[in-house]
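Residue numbers (the numbering used here): 321 to 527. Beneath this line is the structure, given in structure tokens, with notes to follow.
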């Protein structure tokens, strides 16, 4: 079932490498037209990774927080002591176009094919009580953010050649489905998650 995200067109693709994946993403539209997006990748595979995914998803479903930094801080608390770490990114899309992003060691996102430089930060679950920085920018109508897991970059051909960042950049204006498919057919080794959020033009109805 497709989640209604008024004001934003969202496409998401998740191709797990095994029956039990460690990638996750969470979308939560807000009543005032904003949208919260969280994407992450739990280190490791199998049941332990899956249990940590369900811990994180449970915490996200319970939160009413909008600050991406505070969301990452609370998720870090959930994982502290589990001896597992998770790269994660939380992004708040305000309905008027402001975007706030906080990053915990996850791959940088792309804004219209340009990589967004984010400060480096520890993944979740490494140390208790980490604080995360927030970056702000603006999404004009038609602008698009691309989020992905490192399973895309690390897809590998039998020759050992990696899909790599150059290919991601080159394909970063393609659909989420195209990019995920390209990485998968290149040689999937890990979960592949690709998510795009495009701000739609505001429709103004004449009185």
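Where a beta carbon is used, it is the ideal one built from N, C-alpha and C, also for glycine. All figures in this text were calculated on a predicted structure; none of them were measured in a lab.
Can the beta-carbon of residue 335 be found less than 8 angstroms from the beta-carbon of residue 494?
For the purposes of this step, residue 335 is taken as the residue at position 15 of the chain shown. For the purposes of this step, residue 494 is taken as the residue at position 174 of the chain shown. It is not a contact, given that the beta carbons lie outside the stated cut-off.
Starting from the C-beta of residue 385, find all residues in its chain whose C-beta is less than 6 angstroms away, skip the five residues before and the five after it, and write them out in chain order.
Residue numbering aside, residue 385 sits at position 65 when the chain shown is read from its first letter. Closer than 6 angstroms at the Cβ level, and outside the excluded window around residue 385, lie 391.
At which residues does the alpha helix (DSSP H) containing residue 423 begin and terminate?
Along the chain shown, one-based indexing puts residue 423 at 103. Not the alpha helix (DSSP H): residue 423 falls in the beta strand (DSSP E), residues 418 to 424.
Beta-carbon within less than 8 angstroms of residue 458's beta-carbon, same chain only, minus the 5 sequence neighbours each way: which residues are those?
In the chain shown, counting from the first residue as 1, residue 458 sits at position 138. So the qualifying residues of the chain are 417, 418 and 419.
With 16 as the cutoff for other CB atoms within 10 Å, does residue 497 come out buried or exposed?
As a working note, residue 497 is residue 177 in the chain shown. With fewer than 16 Cβ atoms within 10 Å of its Cβ, residue 497 is classed as exposed.
Give a yes or no on whether the C-beta atoms belonging to residue 429 and residue 467 are separated by under 8 angstroms.
Residue mapping note: residue 429 aligns to position 109 of the chain shown, counting from 1. Residue mapping note: residue 467 aligns to position 147 of the chain shown, counting from 1. Yes, Cβ-Cβ distance for residue 429 and residue 467 is below 8 angstroms.
Given this structure, state the Cα-to-Cα distance separating residue 362 from residue 460, to the nearest angstrom.
Residue mapping note: residue 362 aligns to position 42 of the chain shown, counting from 1. Residue mapping note: residue 460 aligns to position 140 of the chain shown, counting from 1. Taking the straight line joining both Cα atoms gives about 32 angstroms.
From the DSSP secondary-structure annotation, give me the bridge partner or partners of residue 440.
Locating residue 440 in the chain shown gives position 120, where the first residue counts as 1. Paired residues: none, contrary to the question.
Would a check of beta-carbon distances place residue 477 closer than 8 angstroms to chain C?
Of the protein chains in this structure there is only one, and it is not chain C.
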